[in-house]
Amino acid sequence: MSEESSVKANQWRLVEVGRVVLVNKGAYAGKLATIVEIIDHKRILVDGPSTEVPRQAVPLAQVTLTPLTVAKLPRGARSGVVAKRFAESGIAEKWAKSAWAQKIKSRQVRWNLSDFERFQVLILKKQQRYEVKKALAKAKKASA
Amino acid sequence: MGRLQEYEVIGRHLPTATDPTPKLYRLSIFAPNDVVAKSRYWYFMKQLRKVKKSTGEIVSIRVIAEKRPSKVKNFGVWIRYDSRSGTHNMYKEYRDMSRTAAVETLYQDMAARHRARFRSIHILKVVELEKTEDVKRQYIKQLLVPGLKFPLPHRIVKSKQIFSASRPSTFY
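One line per chain: the protein sequences are A and B, in this order.
According to our numbering, the first sequence is numbered sequentially starting from 1199.
According to our numbering, the second sequence is numbered sequentially starting from 1241.
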């Protein structure tokens, strides 16, 4: 074998103190929280003072790990410390900029469109399609 | 409120001519309601002292609420339980937020592993293990490692679609 192959280890998102987590189910669905302590293999103690998630034990099945982490969070930190470190790490801004959060937002916007707004979207998409096809036809003609 | 609550039940033998001020006895009982708590109190009192419900009285029954429900604690539980062919002592450890939660998990655990029912189990002692050195069981010790972190590999996402253009990815 003349080629060198390298095996790269997987970089999973880790369940750890400080990991930011998106709550899927329950009263706080769709909100961010931070892992404050790991209870056991299936449960975590989670807290989101700045995102209105009260401190509680949550099963890992009801939660999705995000790629964000809150830095310098001590194990079992109380809500005040969690809020401070959350703000220091700028999680809210990082989350809002992420493609994931923007997709969630656009899904919400689409779901809440009124009939007239949907009509407007139709017209705008048609205009976009027309411009794209026009440019494509021109390019084809120029190269042919 | 979960399935169980912790009650502090204090009772005594009724006063008689020979003993006008009998001793008070206090038990900590885990039960779903106060009716069961009082019943279990008499069950244990009868085993330990010469008193029964008709010759005694319950002086006080209080619900003991968890002091720090948002603190994760390690509990050591001493039990005595009846198996099909004898009665045994056991020591188990649980990591949970409250005494009642740990005891509920204990009952489920005993039912699963030893087919022991509520009636066959006596909870002797539930102690919060404050120091990490006091934890004896490996299955709890492994969770007390400082800087514990682990991935959740091979994530299986329940698909909301019946048909999909691409195979799902299990990477998390």
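Think of the CB as a built atom: it goes at the ideal place given N, C-alpha and C, for glycine as much as any other residue.
Kindly provide the ranges of any beta strand (DSSP E) runs that are 3 or more residues long and lie completely inside the stretch 1332 to 1398 of chain B, ordered along the chain. 1361 to 1369
Tell me, please, whether the CB atom of Arg-1211 of chain A is closer than 9 Å to any CB atom in chain B? Translated into positions along the first sequence, residue 1211 of chain A becomes position 13. Answer yes: the Cβ-Cβ gap between Arg-1211 of chain A and chain B drops below 9 Å somewhere.
When you compare the CB positions of Ile-1172 of chain A and Val-1261 of chain A, do they come within less than 9 Å of one another, or not? This structure leaves residue 1172 of chain A out entirely; chain A is present only between 1199 and 1342.
Does any CB atom of chain A fall closer than 9 Å to the CB of Met-1350 of chain B? As a working mapping, residue 1350 of chain B is identified with position 110 in the second sequence. The Cβ of Met-1350 of chain B sits no closer than 9 Å to any Cβ of chain A.
On the DSSP letters alone, give me the boundaries of the beta strand (DSSP E) that Phe-1315 of chain B sits inside. To locate residue 1315 of chain B, count along the second sequence from 1; it is residue 75. Phe-1315 of chain B -> beta strand (DSSP E) spans 1313 to 1323.
Do we get a CB-CB distance below 9 Å when we pair Gly-1274 of chain A with the residues of chain B? By 1-based counting over the first sequence, the position of residue 1274 of chain A is 76. Closer than 9 Å: yes.
Give a yes or no on whether the minimum CB-CB distance between Ala-1255 of chain A and chain B is below 9 Å. Here residue 1255 of chain A refers to the residue found at position 57 of the first sequence. By this cut-off, Ala-1255 of chain A is an interface position.
Using Cβ-Cβ distances below 7 Å, what residues of the stretch 1239 to 1255 of chain A are close to chain B? Residues of the stretch 1239 to 1255 of chain A that bring their beta carbon within less than 7 Å of a beta carbon in chain B comprise Leu-1243, Arg-1253 and Ala-1255, in sequence order.
Using the C-alpha atoms, what's the distance from His-1362 of chain B back to Ser-1248 of chain A? By one-based count along the first sequence, residue 1248 of chain A stands at place 50. By one-based count along the second sequence, residue 1362 of chain B stands at place 122. Rounded to the nearest angstrom, the two C-alpha atoms are 44 Å apart.
For Ile-1250 of chain B, which residues does DSSP report across the bridge? Taking the first residue of the second sequence as position 1, residue 1250 of chain B is located at position 10. DSSP, once it has assigned bridges, lists B:Arg-1266 and B:Ser-1300 as partnering Ile-1250 of chain B.
Keeping to the same chain, check which residues put their C-beta closer than 8 Å to that of Gly-1296 of chain B; ignore five residues upstream and five downstream. Along the second sequence, one-based indexing puts residue 1296 of chain B at 56. Cβ within range, chain order: Gly-1251, Arg-1252, His-1253, Leu-1254, Trp-1282 and Met-1285.
Would Lys-1332 of chain B and Val-1317 of chain B be called neighbours here (beta carbons separated by less than 9 Å)? Within the second sequence, numbered from 1, the residue matching residue 1332 of chain B stands at position 92. Within the second sequence, numbered from 1, the residue matching residue 1317 of chain B stands at position 77. For Lys-1332 of chain B and Val-1317 of chain B, yes; Cβs fall inside 9 Å.
Nearest to Thr-1212 of chain A (by Cα), restricted to the options B:Ile-1396, B:Leu-1392, B:Val-1385 and B:Phe-1411: Position 14 of the first sequence holds residue 1212 of chain A. In the sequence under discussion, the amino acid at residue 1212 of chain A is Leu, which differs from the Thr named in the question. The shortest C-alpha separation from Leu-1212 of chain A is found at B:Leu-1392.
Less than 9 Å separating the beta-carbons of Ala-1275 of chain A and Arg-1283 of chain A? Mapped onto the first sequence, residue 1275 of chain A falls at position 77. Mapped onto the first sequence, residue 1283 of chain A falls at position 85. For Ala-1275 of chain A and Arg-1283 of chain A, yes; Cβs fall inside 9 Å.
Asp-1274 of chain B: first and last residue of the uninterrupted alpha helix (DSSP H) it sits in: Position 34 of the second sequence, counted from the start, is the residue given in the question as residue 1274 of chain B. Run containing Asp-1274 of chain B: 1274 to 1288, per the alpha helix (DSSP H) assignment.
Go ahead and pull the three-state DSSP assignment for Ala-1271 of chain B. Counting from 1 along the second sequence, the entry for residue 1271 of chain B is found at position 31. Note: Ala-1271 of chain B maps to strand in three-state DSSP.
Evaluate contact between the stretch 1385 to 1402 of chain B and the stretch 1210 to 1227 of chain A, counting only Cβ atoms and requiring at least three cross-stretch pairs below 8 Å. yes
Could you tell me the boundaries of the alpha helix (DSSP H) in which Glu-1286 of chain A lies? As a first step, residue 1286 of chain A must be located in the first sequence, where it is residue number 88. Here the alpha helix (DSSP H) through Glu-1286 of chain A covers 1277 to 1286.
Beta carbon of Val-1366 of chain B, beta carbon of Val-1343 of chain B: below 9 Å? In the second sequence, residue 1366 of chain B corresponds to position 126, counting from 1. In the second sequence, residue 1343 of chain B corresponds to position 103, counting from 1. Cβ distance < 9 Å, so Val-1366 of chain B and Val-1343 of chain B count as in contact.
Does any CB atom of chain A fall closer than 9 Å to the CB of Asp-1374 of chain B? Sequence index remark: in the second sequence, residue 1374 of chain B carries index 134 (1-based). Asp-1374 of chain B does not count as touching chain A.
Verify the CB distance criterion: does Phe-1390 of chain B have a CB-CB separation below 9 Å to chain A? Sequence index remark: in the second sequence, residue 1390 of chain B carries index 150 (1-based). Taking Cβ atoms only, chain A reaches closer than 9 Å to Phe-1390 of chain B, which makes this a yes.
Proximity test, Cβ basis, 9 Å: Val-1366 of chain B and chain A: Here residue 1366 of chain B corresponds to residue number 126 of the second sequence, with the count starting at 1. So no, Val-1366 of chain B is outside the interface.
Delimiting residues of the alpha helix (DSSP H) encompassing Ile-1237 of chain A: As a position in the first sequence, residue 1237 of chain A is number 39, starting the count at 1. No alpha helix (DSSP H) contains Ile-1237 of chain A, which DSSP labels as neither H nor E.
From Asp-1336 of chain B to Ala-1405 of chain B, what distance separates their C-alpha atoms? As a position in the second sequence, residue 1336 of chain B is number 96, starting the count at 1. As a position in the second sequence, residue 1405 of chain B is number 165, starting the count at 1. Whole-angstrom Cα-Cα distance: 43 Å.
Would you call the stretch 1216 to 1225 of chain A in contact with the stretch 1320 to 1328 of chain B, where contact means no fewer than 3 C-beta pairs closer than 8 Å? no
For Asn-1329 of chain B, which residues of its own chain have a beta-carbon under 6 Å away from its beta-carbon, when the five flanking residues on both sides are left out? Residue numbering aside, residue 1329 of chain B sits at position 89 when the second sequence is read from its first letter. These residues qualify, in order along the chain: Arg-1320.
State the Cα-Cα distance for the pair Lys-1292 of chain A and Gln-1254 of chain A, rounded to the nearest angstrom. Counting from 1 along the first sequence, the entry for residue 1292 of chain A is found at position 94. Counting from 1 along the first sequence, the entry for residue 1254 of chain A is found at position 56. Cα to Cα, the separation comes out at about 24 Å.
Just to confirm the assignment, what range does the beta strand (DSSP E) spanning Val-1319 of chain A have? To locate residue 1319 of chain A, count along the first sequence from 1; it is residue 121. Counting along the chain, Val-1319 of chain A falls outside any beta strand (DSSP E), though it belongs to the alpha helix (DSSP H) covering 1313 to 1341.
Since Arg-1308 of chain A is in the alpha helix (DSSP H), which residue starts that stretch and which ends it? The count along the first sequence starts at 1 and reaches residue 1308 of chain A at position 110. Taken as a continuous stretch (DSSP letters only), the alpha helix (DSSP H) holding Arg-1308 of chain A covers 1297 to 1309.
Presumed contact (8 Å Cβ cut-off) between Lys-1229 of chain A and Gly-1246 of chain A, rounded CB distance: As a position in the first sequence, residue 1229 of chain A is number 31, starting the count at 1. As a position in the first sequence, residue 1246 of chain A is number 48, starting the count at 1. Indeed they touch by this definition, with Cβ atoms about 6 Å apart.
Select from B:Thr-1261, B:Asn-1273 and B:Asp-1259 the residue whose C-alpha is nearest the C-alpha of Gln-1245 of chain B. Along the second sequence, one-based indexing puts residue 1245 of chain B at 5. Nearest of B:Thr-1261, B:Asn-1273 and B:Asp-1259 to Gln-1245 of chain B, Cα basis: B:Asn-1273.
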